[in-house]
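A short write-up of the structure that comes next.
2 protein chains.
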Amino acid sequence: MGNWRDNLRSVEPYTPGEQPKEKDIIKLNTNENPYPPAPGVMKAMQEMDTDLLRRYPDPTAGMLVDAIARRYGVGPDQVFVGVGSDDVIAMAFMSFFNSEKPIFFPDITYSFYPVWADLFRVPYETKALDENFAIRAEDYYGENGGVIFPNPNAPTSRYEDLSLIEDILQHNQDCVVIVDEAYIDFAGESALSLIDRYENLLVVQTFSKSRSMAGMRIGYAIGSPELIKAMSDVKYSFNSYTMNQTSLCMGKAAIEDEDYFQDCIRRIRATRDRSKEEFAKLGFSFIEPGANFIFVTHPRLEARKLFQQLRENHIYVRYFDKPRISEYLRVTIGTDEEMDALFAFLHRIINES
Amino acid sequence: MGNWRDNLRSVEPYTPGEQPKEKDIIKLNTNENPYPPAPGVMKAMQEMDTDLLRRYPDPTAGMLVDAIARRYGVGPDQVFVGVGSDDVIAMAFMSFFNSEKPIFFPDITYSFYPVWADLFRVPYETKALDENFAIRAEDYYGENGGVIFPNPNAPTSRYEDLSLIEDILQHNQDCVVIVDEAYIDFAGESALSLIDRYENLLVVQTFSKSRSMAGMRIGYAIGSPELIKAMSDVKYSFNSYTMNQTSLCMGKAAIEDEDYFQDCIRRIRATRDRSKEEFAKLGFSFIEPGANFIFVTHPRLEARKLFQQLRENHIYVRYFDKPRISEYLRVTIGTDEEMDALFAFLHRIINES
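Printed below as a string of structure tokens:
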């Protein structure tokens with residue numbers, strides 16, 4: 403009686419970044435975009451034919467795939483879409499990381515990589531970032547079952563030049579290399595410029611950050627047709643319909659408004675520049691940020707305590723109680739007004755301390 | 403060079419039911435609802451605050467979970483939602499089927515069960531339906547790692563009384579029993595009436611059929627708080643945000659319009675009654691249908707050939723080239739007009755043959 407409990411999967415409990423329900427908070431904790439999606443997104447939503455909803459969506463997500471392919475100048479057979487980049491990367495783990503050799507990723511990085519590795523029983527080894535939180539290419543030269551890292555990295559915000567990525571690719575022709583570019587639009591050049599030369603390179607991006615659509619769950623991967631076909635085959639084999647009709651229509655509208663997109667990026671980068679100055683003035687130090695967040699530490703303020711103080715004052719940032727980074731806070735770049743409120747508060751704390 | 407290909411996951415290619423792009427076809431092949439979603443769904447879409455989209459959705463899907471809980475008179479801690487019932491059932495396989503003993507399901511059933519079993523390395527045994535395509539409760543008495551079956555079953559449309567389900571539950575107190583009720587609203591009483599007495603019973607339903615929202619990908623499971631917590635823990639451990647904001651808003655609106663829902667069901671059942679008469683008059687035989695489709699066979703017409711003839715005439719139904727059912731066609735109940743067109747065509751074929 404009741405022995406069914408013996409067969410429950412045991413998992414590490416995970417707590418997603420807080421999504422507080424109160425209004426009037428300053429939310430700088432989950433790297434969301436402070437600006438709304440492109441105006442065309444609202445229009446697409448209001449004009450959508452709801453009769454479409456009674457039918458299954460196109461399993462190939464054709465309208466969205468085509469729009470992404472046009473935007474990046476690649477073929478539709480080079481684009482895979484999923485329910486956020488988490489879904490896309492999980493599918494890539496399943497599709498590509500089936501060697502008995504360990505996959506490699508940095509010790510400080512996106513926290514879901516080890517989770518997916520465990521889930522799909524993929525062995526892995528982490529490679530320590532250097533003292534400036536930089537990836538060392540030579541750490542990735544050894545035999546492995548695959549390589550994955552974000553660029554810019556999370557939660558450090560550090561962007562690595564393409565020369566480093568090409569160095570890693572040069573030394574890894576026998577495995578799939580995934581560059582997770584969730585934040586690339588706020589940084590420098592994308593590794594997309596390398597996909598024609600490296601058929602084993604998969605670049606993953608998302609609508610959640612630079613396109614202001616975290617709420618819609620849209621991510622995508624771009625790579626050689628062979629990589630994309632392998633992912634699609636895996637996906638179709640066990641779950642045909644994942645992208646709902648609204649994601650297809652609204653995603654298409656978002657990616658087609660290039661001017662709005664560029665303007666949004668410009669504004670966030672300008673606020674980031676200002677924020678760097680303010681943080682520096684207040685005595686914080688930080689890695690040069692490539693993403694829409696900045697990873698800061700202060701010589702006198704204890705990060706955990708500051709995190710709590712901010713929270714009590716309705717300003718939410720992110721704190722990671724992990725080795726090497728437990729004295730840092732990750733602060734999303736919000737609007738100028740939101741950042742002003744943050745700096746006013748920090749000013750007060752520092753003057754009082 | 404290029405050895406990364408050695409580590410691609412090898413999968414059985416799967417072809418989802420056709421979603422033809424032509425207009426002016428009669429689409430009776432994927433069990434979609436012929437009527438649009440409730441009017442409130444369109445309203446919810448048009449009135450949604452697009453600024454919400456820049457934020458991550460509530461990972462607990464609270465507004466949708468609460469609406470489902472209210473509709474079924476259960477606690478919010480008894481409801482799990484996912485991206486269609488495929489996602490919900492896959493999550494249930496991962497969460498509950500971790501025994502070394504095989505899980506049991508019928509030989510003729512939803513084609514994804516063996517796929518998920520293989521994906522998550524769950525051993526399984528199929529149990530043959532009897533000559534009338536009925537489930538034999540005693541086949542499920544033996545030691546096993548879990549039980550799953552649809553009620554009504556697919557693609558037979560056969561509904562089993564709750565007495566059979568309770569018989570199976572009585573003999574399976576040490577494993578999780580999943581009743582996949584994708585089509586229950588077109589049939590008889592739901593196994594939901596048993597969840598208070600069987601804490602190991604999980605009932606899975608969907609918005610894709612009776613609520614006309616296949617395009618939105620919303621499924622849910624209802625069971626004891628302990629089962630639901632186990633599924634949520636697994637889900638959060640590797641993918642926090644799967645339900646997008648539009649699904650939450652529009653799903654809530656759909657489930658809150660009980661009158662529209664009941665009216666829709668009544669219309670489809672009435673068309674099903676008429677269709678049974680017409681099929682019988684034309685010499686077809688069929689299992690008494692419980693779902694929004696009917697599984698028919700004809701003594702003189704070859705099923706595969708008829709499927710092709712219908713297709714050439716822009717009428718799409720579903721044919722399965724599988725043992726025991728290769729002389730059957732699965733025909734979704736459409737509008738009266740769609741069914742009239744089907745019957746006029748069948749009349750012609752039969753008179754000519």
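Taken in order, these protein sequences are the chains called Y and F. Take 403 as the starting number for the first sequence in our numbering and just add one per residue. Take 403 as the starting number for the second sequence in our numbering and just add one per residue. We put the beta carbon where it would ideally sit given N, CA and C, even for glycine. Everything numeric in this text was worked out from a predicted model, so none of it was measured.
- With its beta carbon less than 8 Å from one in chain F, Y/P461 belongs to the interface.
- Scanning chain Y for C-beta atoms nearer than 7 Å to the C-beta of F/E414 yields S639, reported in chain order.
- Rounded to whole angstroms, F/F507 and F/G547 show a C-alpha spacing of 11 Å.
- By the criterion of at least three beta-carbon pairs nearer than 8 Å, the stretch 620-635 of chain F is in contact with the stretch 598-607 of chain F.
- Taken in chain order, the whole beta strand (DSSP E) runs of length 3 or more contained in the stretch 495-539 of chain Y are 505-508, 526-529.
- For F/Y543, the CB contacts under 6 Å within the same chain, skipping 5 residues up- and downstream, are H573 in chain order.
- Only residues of its own chain outside the window of five on either side were considered, and among them P525, G547 have a CB closer than 8 Å to the CB of F/E502, listed in chain order.
- If the five residues before and after Y/R706 are omitted, its C-beta is found closer than 8 Å to the C-beta atoms of Y721, D723, S728, all from its own chain and listed in chain order.
- The shortest C-alpha to C-alpha distance from Y/W406 to any of F/Y622, F/I580, F/I667 is the one to F/I580.
- Assigned with DSSP and collapsed to three states, Y/D723 falls in coil, not helix or strand.
- Interface annotation for the stretch 487-505 of chain F against chain Y: D488, D489, A492, M496, S497, F498, F499, N500, S501, criterion Cβ-Cβ distance under 8 Å.
- Not flagged as an interface residue toward chain F: Y/E424, since no C-beta distance is shorter than 8 Å.
- Counting only runs that start and end inside the stretch 613-680 of chain F, the beta strand (DSSP E) elements of at least 3 residues fall at 621-624.
- The beta carbon of Y/D453 falls within 8 Å of a beta carbon belonging to chain F, placing the residue at that interface.
- For the stretch 572-592 of chain F, the set of residues with a beta-carbon nearer than 8 Å to any beta-carbon of chain Y comprises Q575, D576, C577, V578, in chain order.
- The C-beta of Y/Q421 comes closer than 8 Å to at least one C-beta of chain F.
- Contact of Y/G404 with chain F by beta-carbon distance below 9 Å involves Q575, D576, E601, N602.
- When only Cα atoms are considered, Y/K529 and Y/D509 end up about 5 Å apart.
- Listed in chain order, the positions of the stretch 616-636 of chain Y with a beta carbon within less than 7 Å of a beta carbon of chain F are A616, G617, M618, R619, A632, D635, V636.
- For F/G442, the uninterrupted alpha helix (DSSP H) run begins and ends at 441-449, by DSSP.
- DSSP lists F/F697, F/R720 as the beta-bridge partner residues of F/R732.
- Going by C-alpha positions, Y/P552 is about 9 Å away from Y/Y561.
- Exclusion of the five residues before and after F/E527 leaves P504, F506 as the residues of its chain whose Cβ lies within less than 7 Å of its Cβ.
- Between Y/M645 and Y/V490 the beta-carbon gap is near 11 Å, outside 8 Å, which marks them as no contact.
- For the options Y/L454, Y/S513, Y/N534, the alpha carbon positioned closest to that of F/Y638 is the one of Y/S513.
- Along the stretch 537-557 of chain F, going in chain order, the ones with a CB nearer than 8 Å to a CB of chain Y are G547, G548.
- Counting of Cβ neighbours within 10 angstroms places Y/Q710 among the exposed residues, the total staying below 16.
- Y/I428 is bridged by DSSP to Y/I717.
- Residue contact with chain Y for F/S649: present (Cβ-Cβ distance below 8 Å to some residue of chain Y).
- Excluding five sequence positions before and after Y/L410, none of the CB atoms of its chain fall closer than 6 Å to its own CB.
- Nearest to Y/W518 by C-alpha distance, out of Y/F499, Y/N534, Y/R676, Y/K429, is Y/F499.
- Between the stretch 677-685 of chain F and the stretch 647-659 of chain Y there are fewer than three C-beta pairs closer than 8 Å, too few to call the two in contact.
- Taking 8 Å as the CB threshold, F/Q448 lines the interface with chain Y.
- Within the same chain, no residue comes within 8 Å of Y/A672 by CB-CB distance, once the 5 residues on both sides are set aside.
- Excluding five sequence positions before and after F/I597, the CB atoms of its chain that fall closer than 7 Å to its own CB belong to L603, V605, I624, G625, S626, given in chain order.
- Per DSSP, F/I752 has no beta bridge partner at all.
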